[in-house]
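With numbering that gives the first Met the number 0, letter number 415 in the sequence shown gets 414, and the count goes up by one each step, no holes.
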Amino acid sequence: MQTDDCSEQTSVELRIAAAVADTDRTPVGIARAVGLLVSRGEFVGGERLPTVRSLAGALEVSPTSIAEAWSALKRSGTIGTDGRRGTFVREQPSDGGRVWRVPVESGVYDVDLSTGTPDPALLPSIGTILRTLGAEPIVTSYLDRPVLEELELELTGRWPFVPERLTVVNGALDAVDRLVASLVGMGDRVVVENPTFAPIGDLLERAGAEVIGVRLDDEGIMVDELADALALEPGLLILQPRAHNPTGISMTAERAQSLAQLLSDTDTIIIEDDHSGAVADAELHSLGTYLPHRVVHIHSFSKAYGPDLRLAAVGGSAMPIDQLVRRRQLGPSWSSRLLQAILLRLLTAPGVDELLARAARTYSDRRRRLSRALKENGIEIGFGTGLNLWLPVHNEQWALVALATRGIGAAPGSPFQIGRADSPHLRITTARVEDRFEELADHLADAAVAAGGRSLPA
Ligand SMILES: Cc1ncc(COP(=O)(O)O)c(C=O)c1O
0 MQTDDCSEQT
10 SVELRIAAAV
20 ADTDRTPVGI
30 ARAVGLLVSR
40 GEFVGGERLP
50 TVRSLAGALE
60 VSPTSIAEAW
70 SALKRSGTIG
80 TDGRRGTFVR
90 EQPSDGGRVW
100 RVPVESGVYD
110 VDLSTGTPDP
120 ALLPSIGTIL
130 RTLGAEPIVT
140 SYLDRPVLEE
150 LELELTGRWP
160 FVPERLTVVN
170 GALDAVDRLV
180 ASLVGMGDRV
190 VVENPTFAPI
200 GDLLERAGAE
210 VIGVRLDDEG
220 IMVDELADAL
230 ALEPGLLILQ
240 PRAHNPTGIS
250 MTAERAQSLA
260 QLLSDTDTII
270 IEDDHSGAVA
280 DAELHSLGTY
290 LPHRVVHIHS
300 FSKAYGPDLR
310 LAAVGGSAMP
320 IDQLVRRRQL
330 GPSWSSRLLQ
340 AILLRLLTAP
350 GVDELLARAA
360 RTYSDRRRRL
370 SRALKENGIE
380 IGFGTGLNLW
390 LPVHNEQWAL
400 VALATRGIGA
410 APGSPFQIGR
420 ADSPHLRITT
430 ARVEDRFEEL
440 ADHLADAAVA
450 AGGRSLPA
C-alpha cells in the first residue's frame with residue numbers, strides 16, 4: 000500500500016516537474032503549471048497531489064514556495080484539501096459541464112470579482128422603513144391574499160405591459176425554478192441565450208430539457224439563430240431583456256420587435272428574466288408588449304433593493320402563472336407579506352427611485368471604466384450595463400489560477416456556456432470596483448493572455 004502510494008506520488012511529481020521545467024520556479028510559476036495540467040485534463044478530479052515537502056524536494060524549491068502555490072490553486076478552486084486524503088485536484092466541469100459552483104468560500108481574495116452581487120453601499124437603507132412598520136401584524140391569516148393588494152397595484156402600474164396575472168415569489172430564480180418545473184418535461188426543447196446565467200442551464204438540465212443555446216450580438220438575441228432554434232419547435236424560450244448576465248447586453252427596441260415577429264408564428268412560451276430591474280441602466284424592451292398572452296415577465300428586486308429581500312414579481316400570461324400559483328399552494332403558498340410590506344414602502348418612499356437611478360449609473364460607470372482600461376491592454380469588451388462583464392481569455396483554468404496568485408477572484412465562464420465551451424471566458428463582476436481600474440485591467444489582461452503568451456511543455 001505504502002509502496003503504491005509512493006510510486007503514484009512520484010509519477011505525479013515527475014509530471015509537475017516536467018510542466019514546471021520551462022517556467023519559473025516561483026510560487027506563481029508552479030501554480031500556473033499545475034493549473035494548466037488540470038485544465039488540459041492531465042490531472043483529473045480526485046487525483047491526489049504530493050505533499051508540500053516531497054514536491055519541494057522534487058522541484059528543488061523551498062516548501063514555502065509550494066505552500067504558496069497550493070494556496071493560490073485552492074483560492075481558484077483548482078485543488079482542495081481534506082484531512083485524510085491530503086491535497087487533491089477538485090472536480091472540474093467537463094465539456095460544457097454546467098455545474099455552477101461558487102469556487103471558494105468568500106473572503107479569501109483581496110479583490111473578489113467572482114460574486115455577481117450588488118454593492119451593499121448602493122442599496123437603499125431599510126432602517127427607516129422598518130421603523131414605520133409599527134407593532135400591528137401585517138396579516139394574520141393563511142387565507143389572506145398571497146400578494147398585498149397595494150403592492151399588486153403598484154407593480155401592475157409599473158409593469159411593461161398589461162399582465163393577465165401577477166404574483167410575487169422569492170426572487171427571480173425561484174420564479175424560473177417554479178416555471179421550469181411546471182412547464183418543462185423530460186426531453187422538451189428549451190431555448191436560452193448562450194451564454195446564459197449558469198443556474199438557468201443547470202435547472203433545465205435537471206428538468207431533463209434539451210437545451211438549445213442562441214448567441215447574442217450587441218442588440219440581444221441574434222434573429223437568424225433564434226429562427227433556426229424555433230424550427231425545432233421549442234416549448235420555452237428564456238431570455239434576459241437587459242443587463243444580461245454575464246455579458247451586460249440589453250435588447251434594443253428594434254431587436255425586440257424582430258424577435259416578437261418571429262415568435263408570433265409559434266406557440267413558444269417566453270420567460271423574460273429582468274434580474275437587475277431598477278439598476279439595469281438600460282431601457283426595458285419587453286416582448287410582452289407584443290405578445291402579452293405568451294410572455295411571463297419576471298422583475299427581481301434583489302439587485303436594486305437587496306438580495307435578502309428575496310422577492311421578485313412575476314406577471315404576464317395567465318396559464319403559466321396560474322399553474323405556478325396553484326402548485327405553490329401545495330407548498331409555501333405565498334412570499335412573506337412582511338417582506339412585501341417592506342418592498343411596497345421601498346417602492347413608494349420619496350427619493351428611492353432617484354437613488355436607484357444613481358446606483359444604476361454608478362454600476363455602468365464602473366463597468367465602463369474597467370472595459371476602457373482593458374481596451375488599453377488590447378482586450379475589447381462589448382458595450383453593456385449592469386454588474387458584470389464577459390472577459391475573453393485563452394484558457395479559463397489558467398486565467399483563474401493566474402488571477403488567484405494575485406489575490407483576485409473571478410468566476411469561470413464555462414458554467415455559463417451551453418454545449419462545448421469552445422470560447423473560454425471569465426465572468427468579472429465590476430459592481431464593487433471603485434478604483435485602481437488600470438491596475439486591475441493589467442492583471443486581468445495578463446491572466447487573459449497567460450496561456451497564449453507563454454508556452455509550457457505539451
Ligand atoms: C439572470 C439572473 N437571473 C436570476 C438571478 C437571481 O435573482 P434573484 O436573486 O432574484 O433570485 C440572477 C442573479 O444574478 C441573474 O443574473
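For glycine and all other residues, C-beta sits at the position ideal for the given N, C-alpha and C.
Query                                                                                                                                                                          : Result
If you draw a straight line from the alpha carbon of Ile199 to that of His243, how long is it in whole angstroms?                                                              : 13 Å
What beta strand (DSSP E) runs, 3 residues minimum, are completely inside the stretch 226–268?                                                                                 : 235–238
For Asp217, does the count of other Cβ atoms within 10 angstroms reach 16, so buried, or fall short, so exposed?                                                               : exposed
Which full runs of the alpha helix (DSSP H) of 4+ residues lie inside the stretch 364–424, going along the chain?                                                              : 395–403
Which residues mark the beginning and the end of the beta strand (DSSP E) in which Leu112 is found?                                                                            : 110–112
In whole angstroms, give me the CA-to-CA distance for Phe436 and Glu375.                                                                                                       : 11 Å
Do you know offhand how far Asp173's Cα is from Ala18's?                                                                                                                       : 45 Å
To the nearest angstrom, how far is the alpha carbon of Thr288 from that of Pro159?                                                                                            : 7 Å
Closer than 8 Å is the cut-off here; do at least three beta carbon pairs connect the stretch 335–342 with the stretch 282–299?                                                 : no
Mind checking Phe382: buried by the 16 CB within 10 Å criterion, or exposed?                                                                                                   : exposed
Let's test the definition: count the other Cβ atoms within 10 Å of the Cβ of Met250 and tell me whether it reaches 16, buried, or not, exposed.                                : buried
Report the residue from Trp397, Leu122, Pro319 whose alpha carbon sits nearest the alpha carbon of Arg177.                                                                     : Pro319
Closer than 6 Å to a non-hydrogen atom of ligand 1 - does that hold for the CB of Asp111?                                                                                      : no
Between Arg326 and the rest of its own chain, which residues show a CB-CB distance below 8 Å, the 5 nearest in sequence each way excluded?                                     : Arg177, Ala180, Ser181
Comparing alpha-carbon positions, which option in Leu122, Gly56, Trp333 lies nearest Lys302?                                                                                   : Leu122
For Val43, does the count of other Cβ atoms within 10 angstroms reach 16, so buried, or fall short, so exposed?                                                                : exposed
Which residues bound the beta strand (DSSP E) around Gly212?                                                                                                                   : 209–213
Check Ser285 in the structure and name its three-state DSSP category.                                                                                                          : coil
Let's test the definition: count the other Cβ atoms within 10 Å of the Cβ of Asp280 and tell me whether it reaches 16, buried, or not, exposed.                                : buried
Closer than 8 Å is the cut-off here; do at least three beta carbon pairs connect the stretch 143–155 with the stretch 359–368?                                                 : no
Looking at the unbroken alpha helix (DSSP H) that takes in Glu59, where does it start and where does it end?                                                                   : Glu59 -> no alpha helix (DSSP H), and no H or E assigned at all.
How big is the Cα-Cα spacing for Gly45 and Tyr108?                                                                                                                             : 24 Å
For the pair the stretch 127–144 and the stretch 267–278, tell me if three or more CB-CB distances fall below 8 Å.                                                             : no
Count the other C-beta atoms from every protein chain shown that fall within 10 angstroms of the C-beta of Pro119, then say buried if there are 16 or more, exposed otherwise. : exposed
Spatial neighbours of Val459 within its chain, please: C-beta separation below 7 Å, excluding the five flanking residues on both sides.                                        : Given a span of 0 to 457 for the chain in the structure shown, any question on residue 459 remains unanswerable.
Pull up the DSSP beta-bridge partners for Phe436, would you.                                                                                                                   : Bridge partners of Phe436: none, in fact.
Figure out for me which residue from Ala447, Asp187, Gly186, Pro245 has the closest Cα to the Cα of Arg214.                                                                    : Pro245
Helix or strand or just coil, what does DSSP make of Gly79?                                                                                                                    : strand
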